Structures are given as structure tokens and as C-alpha cells.
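Enquirer: What follows is a single structure, and I will ask about it in a moment.
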Amino acid sequence: MFPYIEEMLLSDASEPLESQNYSPVVRDAVITSNGSLTDKYKYIQKLRENREYMQSLTMDKKKKVLILGSGYVSEPVIEYLTRDPNVEITAASIMKTQLEQLSKKYNNVVPILMNITEDERLSSLVKKHNLVISLLPYSFHPLVAKKCIDSRVNLVTASYLTPEMKELQKSAEAAGIAIISEVGLDPGLDHMLAMECIDKAKEVGAEVISYTSFCGGLPAPEYSDNPLRYKFSWSPQGVLLNTVKSATYLKDGEIINIPAGGALLDSVTVMDFFPGLNLEGFPNRDSTKYAEPYGIQSAHTLVRGTLRYTGYCKAIEGFVKLGLINPEPCPMLSATTPPVKWKELMCKLLGLQPSVKYDELQQAICKQLNENKKQLEAVEWLGLLGDEPVPTAHSIVEALAKHMEAKLSYASGERDMIVMRNEIGIRHPSGHLEDKYINLVVYGDDNGYSAMAKTVGYPTAIAAKMILEGEINRKGMIVPLTKDIYGPILKHIQAEGIAYTIQSVIRQ
1 MFPYIEEMLL
11 SDASEPLESQ
21 NYSPVVRDAV
31 ITSNGSLTDK
41 YKYIQKLREN
51 REYMQSLTMD
61 KKKKVLILGS
71 GYVSEPVIEY
81 LTRDPNVEIT
91 AASIMKTQLE
101 QLSKKYNNVV
111 PILMNITEDE
121 RLSSLVKKHN
131 LVISLLPYSF
141 HPLVAKKCID
151 SRVNLVTASY
161 LTPEMKELQK
171 SAEAAGIAII
181 SEVGLDPGLD
191 HMLAMECIDK
201 AKEVGAEVIS
211 YTSFCGGLPA
221 PEYSDNPLRY
231 KFSWSPQGVL
241 LNTVKSATYL
251 KDGEIINIPA
261 GGALLDSVTV
271 MDFFPGLNLE
281 GFPNRDSTKY
291 AEPYGIQSAH
301 TLVRGTLRYT
311 GYCKAIEGFV
321 KLGLINPEPC
331 PMLSATTPPV
341 KWKELMCKLL
351 GLQPSVKYDE
361 LQQAICKQLN
371 ENKKQLEAVE
381 WLGLLGDEPV
391 PTAHSIVEAL
401 AKHMEAKLSY
411 ASGERDMIVM
421 RNEIGIRHPS
431 GHLEDKYINL
441 VVYGDDNGYS
451 AMAKTVGYPT
461 AIAAKMILEG
471 EINRKGMIVP
481 LTKDIYGPIL
491 KHIQAEGIAY
501 TIQSVIRQ
């Protein structure tokens, strides 16, 4: 530049380029003059016009999305995607009433009443769409994924990436499609909030030395008015069974294994980060498996768990003692046998005659519960000692789940709440220690979306939109552990009222 500075300083920018006494080098370097592109650079305008034309073609092209399932999560997904008039939704489900409601509320939603097991019909539907979102139970996802692979159609789910899904990795890559899993709340936002913090720590050369994450879907405090301090917006069978599963976690360098069968309820910890909420938590699944995907093999503590209001775990422990959390087949509850009353079932479990008096049954149960009055209160509150019929079911836990779904459902106008807490310990290159506290608290809307529906539905919809717009180009099985995916999702959820806070405490 130096040899040409003098002639540029002596020029008059208000005069046309042609009248300037420039050397060929300087003249050829001028891109614009007096508000117009110079002759040598007019091709830029053509590039702009071509790009705008291609964008207009893309915008004109309708994008077709197939949503499988019309449960409580589906409406936030549909509402978000249909903000774009170029997105057309097909909603397929066995729930006729919900389909009718969705199609009436959203003009560009086509309802289809069908069962996911209708093989040929499912294949035909998948082929006609650019993207599939499966909001079905996780056990159906491998079936849906295979259909998407066959038709080369991208897929999004909010559920865990199961071993059965992982087996389809090479097939998905070969088909050139993306299958994104774990983009709901938990799993989903828990990963994203953790990775945002972990990646920022690594950027400054720090290492993560501990990670704990607890999350719970709860009734808002004013609606936690029962002995379990809990309510359900969907079938509670999975929630009940989780309390008797095994768990593994890392604590101060030691791997802790909790066997299945209810021992998990002996590992309950008081969670006092929000003292006014009176929470407790217990570990779930295998937390240690996240060390590698999170890139925190250096951590001495790694725990993921579930949050509940204090008292929930003690009540569930009582159900375990009474043999109510039992997934084994129970022929006496089948539809082909005479109806059974709860009192009769409880007598059967305790080895008593069905004709026993209420007081005697109560005393026997109290003894089985080691005289725990709170546990007895929960049993009586649910009517498990009365004459109400037990729902027909394959197992006792399924019958209890159906009963609890009726007794502990949200009434009109009641709202739920999501609480998530991530605590990440960091050691900086200087040697000082820092604790990061990431809090996510979301309330359901009065007579609107539940907190659970929002925190599962909106991240799922945002991930789907990113695929439709070409923002995610990777192929194969994907979870939101990288900045190119979690970054935009965490940004967009805040516009939907899903806000989180981050606190930092320097310890040394």
C-alpha cells in the first residue's frame, strides 16, 4: 500500500473515477465510486441478484413435516413450526379428539388418524415429507428411524438415543440423513446447558472437576396439595418404575452402584439450592457414561438425578414395601377375570382374608410400613384400602399407575413447574477453583402450555427448523453436544420464555 498512499491522498473522492489521475494498480483496486460499483466489480451485483433469486426459490418451496403423536408436547411443536407459512404439517396419531383440535386451530395442519404399526401406510407417509418428528414413546423410534433411512428423510426425537438407535448410525450416514435425538428437556436442555459451560471452561484452558445435574417436573408449589406432593400430566407408570431401577454415579472418585428393587429411595438427598421449594433428589440411570461425551474424564464427581418435593420418595417407598411397584404379570387384574377392589388386592398382598375389617387391614399395613404414618397417609389418601375397583391391567404397577393418573391429574387452571439445576466445578490454569450454578425454572401457563410441554416441545421444534433451513449439515446419529447445535437452540428458547441464569462463585 505504501507506494500508492500519496496519489490516493491527492485524489478528490467527490469526482468521478474516470477523471482521477490514478495508476492502473489503484484504479483496479477501487470497488465502488460515488455510490456505484466500478466496471471491474459490477459482477458483484449479478452475484447478489442470483443469491436473492435462489433464496426466493427456497422460500417459495413448501417444507413438509410429519409429526407422529399428538400428545401434550405436540402443540408447542406445531405452533412454533407453523409460524412459517411455508411449513406444512401432517399430524398422525391414534388420538382422534386431539387431532381434530389441532387441525381446527392451525390451518396448515393435516390430521391423519392411524396407528404407528400400519407399516405400509407409515412408509408412504414418511416418503412424502422432508422431515419427521417422532413424539411417540421411545420404543417406537427404531421403527420410525428405519422408515426415514429407507426414504432418506431426516428425523428428530426428544428421547434418549438408545442402543437400538445407535445401531442405525452407519445406515443413517449412508442414507445422507440426520437423526437428532435428546433435544427435549431431560435429555436435551440438560446437555446443552452443561456443554455451553464446559466448552467455555475449556476455551480458557480450565478443566471440569465435578458435574451434577438434577431436574424435575413438578406441580407448582400451590398445587402440591397431596401426600405425594406430585401430579401427572401423562401415564405415571414410567415414573413409578424409575424409582425401583438401578443407578450408578461417581462421587469423589468412587463409583457408587445402587441395585434395583427400591434401594434408590435410600439414596435421597436434601436439595437446598432453592430452600423455599423444599426439594429432594435421587440419582438415576448411569451418570458415569457422560464423562466421555461431555469430555470431562477429569471429573471426580459425576451425578445426574431427579428432583421431587420432600415427602415424595418416602411415600413411594411405602408403595414398594407393600409390593405395589411390581411389573410382573398379575392374572387377577386381567380383563377376563371378575373385578377386584383395592381392599381385596391389598389383602391379597398382605396374606389377609378379603373379609377383614378396615381397622385390621389398616393395622397390618401400618406394620408392613414399619409404623410410618406418612406412608400410611399416602396409601389411605389414594383410596387403596377402599372398595373402589382396581383398573384392569397387566401388572400391579400398571394398575396403580392408572389409578394415580386419575387421582393425581392436573385440574383445569392448575399449572406445573420445571426445575433444573446444574452445578459444575472448574479448576483454572492459575489453580483457583470456580463453581458454576446454572438454574432453569419454568412455570406452565394458566390454561395454556404446561412447563413440560414448553421445555420439551420448543427445543424439539427449533432443532427441526434448523434442519429444514440447512443449519445442521451433519449426518448420522446426532445429540446436541456441540456448539453449532446447542448454541442456536439456547438462544431461541429464551424468546419462548425459557430463560436460565448462571451464577459463579470463586472458591480459591
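Just so it is clear: in the sequence shown, position 21 is 21 by the UniProt record's numbering, and no numbers are missing. Think of the CB as a built atom: it goes at the ideal place given N, C-alpha and C, for glycine as much as any other residue. Computed from a prediction, not measured in an experiment: that's the story for all the values here.
State the start and end residues of the unbroken alpha helix (DSSP H) segment that holds residue 178.
Expert: It is not in any alpha helix (DSSP H) - residue 178 instead sits in the beta strand (DSSP E) that spans 178-180.
Enquirer: To the nearest angstrom, how far is it from the Cα of residue 249 to the Cα of residue 370?
Expert: About 30 angstroms.
Enquirer: Residue range of the alpha helix (DSSP H) that residue 476 falls in?
Expert: From DSSP, residue 476 is part of no alpha helix (DSSP H) but of the beta strand (DSSP E) over 476-478.
Enquirer: Which whole-angstrom value is the C-beta distance of residue 132 and residue 66, which I expect to be below 8 angstroms?
Expert: Correct: roughly 5 angstroms between the Cβ atoms.
Enquirer: Does the beta-carbon of residue 274 have 16 or more other beta-carbons within 10 angstroms, so that it is buried, or is it exposed?
Expert: Exposed.
Enquirer: Can you tell me whether residue 93 is buried or exposed? The criterion is at least 16 other CB atoms within 10 Å of its CB, across all chains shown.
Expert: Flag for residue 93 reads buried.
Enquirer: When burial is assigned at 16 or more other CB atoms within 10 Å of the CB, is residue 355 buried or exposed?
Expert: Residue 355 is exposed by the Cβ-count criterion.
Enquirer: Which runs of the beta strand (DSSP E) fall wholly inside the UniProt domain "Saccharopine dehydrogenase NADP binding" (65-180) and span at least 3 residues, in chain order?
Expert: Qualifying beta strand (DSSP E) stretches, in chain order: 87-93, 109-113, 131-134, 154-157, 178-180.
Enquirer: Quick one: measure Cβ to Cβ for residue 402 and residue 393, integer angstroms, because I've assumed they're closer than 8 angstroms.
Expert: Confirmed, Cβ separation roughly 6 angstroms.
Enquirer: Under the DSSP definition of a beta bridge, which residues are partnered with residue 275?
Expert: The partner list for residue 275 (beta bridge, DSSP) is empty, contrary to what the question assumes.
Enquirer: Residues in the same chain with beta-carbon distance under 8 angstroms from residue 59, minus the five sequence neighbours each way, listed in chain order, please.
Expert: Below a pLDDT of 50, predicted positions are generally treated as unreliable, and residue 59, at 48, falls in that range; the measurement from the model is reported next regardless. So the list reads 86, once near-sequence residues are dropped.
Enquirer: Out of curiosity, what's the CA-to-CA distance linking residue 141 and residue 168?
Expert: C-alpha separation (whole angstroms): 11 angstroms.
Enquirer: With a Cβ-Cβ cutoff of 8 angstroms, do residue 82 and residue 125 count as a contact?
Expert: Contact: no.
Enquirer: Taking the straight line between their C-alpha atoms, what separation do you get for residue 18 and residue 29?
Expert: Straight-line Cα distance between these residues: approximately 14 angstroms.
Enquirer: For residue 190, does the count of other Cβ atoms within 10 angstroms reach 16, so buried, or fall short, so exposed?
Expert: Under this definition residue 190 is a buried residue.
Enquirer: May I ask which residues mark the beginning and end of the beta strand (DSSP E) holding residue 216?
Expert: Unbroken beta strand (DSSP E) run through residue 216: 207-219.
Enquirer: Which same chain residues, not among the five before or five after residue 259, have their C-beta less than 7 angstroms away from its C-beta?
Expert: If we look at residue 259 and ignore the five residues flanking it on each side, its Cβ neighbours are 246.
Enquirer: What do you reckon, are the CB atoms on residue 426 and residue 209 nearer than 8 angstroms?
Expert: Yes, the pair counts as a contact, with Cβ atoms nearer than the cut-off.
Enquirer: Can you give me the start and stop residues for the beta strand (DSSP E) that residue 503 sits inside?
Expert: 500-506 is the span of the beta strand (DSSP E), which, as asked, contains residue 503.
Enquirer: Nearest-angstrom Cα distance between residue 507 and residue 437?
Expert: Taking the straight line joining both Cα atoms gives about 13 angstroms.
Enquirer: Assuming residue 241 is part of the alpha helix (DSSP H), what are its boundary residues?
Expert: Note, residue 241: alpha helix (DSSP H), 237-242.
Enquirer: What residues in its chain sit with their C-beta under 7 angstroms from that of residue 56, if we drop five residues either side in the sequence?
Expert: Low confidence applies here, because residue 56 scores a pLDDT of 48, under 50, leaving its location unreliable and the question unanswered by this model.
Enquirer: Could you tell me how far apart the beta carbons of residue 453 and residue 73 are, in whole angstroms, since I believe they sit closer than 8 angstroms?
Expert: Contact holds; Cβ gap of about 5 angstroms.
Enquirer: Within its chain, find whatever has a CB closer than 8 angstroms to the CB of residue 347; leave out the 5 residues flanking it on each side and keep chain order.
Expert: Excluding sequence neighbours, residue 347 sits near 353, 354, 356, 361.
Enquirer: Helix, strand or coil for residue 285 per DSSP?
Expert: Residue 285 falls in the strand class under three-state DSSP.
Enquirer: Determine the direct distance from the alpha carbon of residue 97 to that of residue 298, and round the result to whole angstroms.
Expert: In a straight line, the C-alpha of residue 298 is about 51 angstroms away from that of residue 97.
Enquirer: Is there contact here, the stretch 419-434 with the stretch 190-207, by at least three beta-carbon pairs under 8 angstroms?
Expert: The stretch 419-434 vs the stretch 190-207: in contact.
Enquirer: Could you check what DSSP says for residue 255 in three-state terms: helix, strand or coil?
Expert: In the structure shown, residue 255 sits in a strand (DSSP, three-state: E or B).
Enquirer: Could you give the DSSP three-state label for residue 415: helix, strand or coil?
Expert: If DSSP states are grouped into helix, strand and coil, residue 415 belongs with coil.
Enquirer: For residue 424, count neighbouring C-beta atoms within 10 Å of its own C-beta (all shown protein chains included) and say buried if the count is 16 or more, exposed if not.
Expert: Under this definition residue 424 is a buried residue.
Enquirer: Quick test of your reading: residue 309 and residue 230, contact by CB under 8 angstroms. State the CB separation rounded to the nearest angstrom.
Expert: Sure, about 7 angstroms apart at Cβ, within 8 angstroms.
Enquirer: Assuming the contact rule is C-beta atoms closer than 8 angstroms, residue 95 and residue 232 should be a hit. Round their C-beta distance to whole Å, please.
Expert: Wrong, their Cβ atoms sit about 17 angstroms apart, outside the cutoff.
Enquirer: Taking only three categories from DSSP, how would you classify residue 488?
Expert: If DSSP states are grouped into helix, strand and coil, residue 488 belongs with the helices.
Enquirer: Consult DSSP for residue 36 and reduce its assignment to one of helix, strand or coil.
Expert: The answer is strand: DSSP assigns residue 36 an E or B state.
Enquirer: Check residue 320 in the structure and name its three-state DSSP category.
Expert: Three-state DSSP puts residue 320 in a helix.
Enquirer: Give the DSSP bridge partners of residue 436, in chain order.
Expert: In the DSSP output, where bridge partners are listed per residue, residue 436 has 424, 504.
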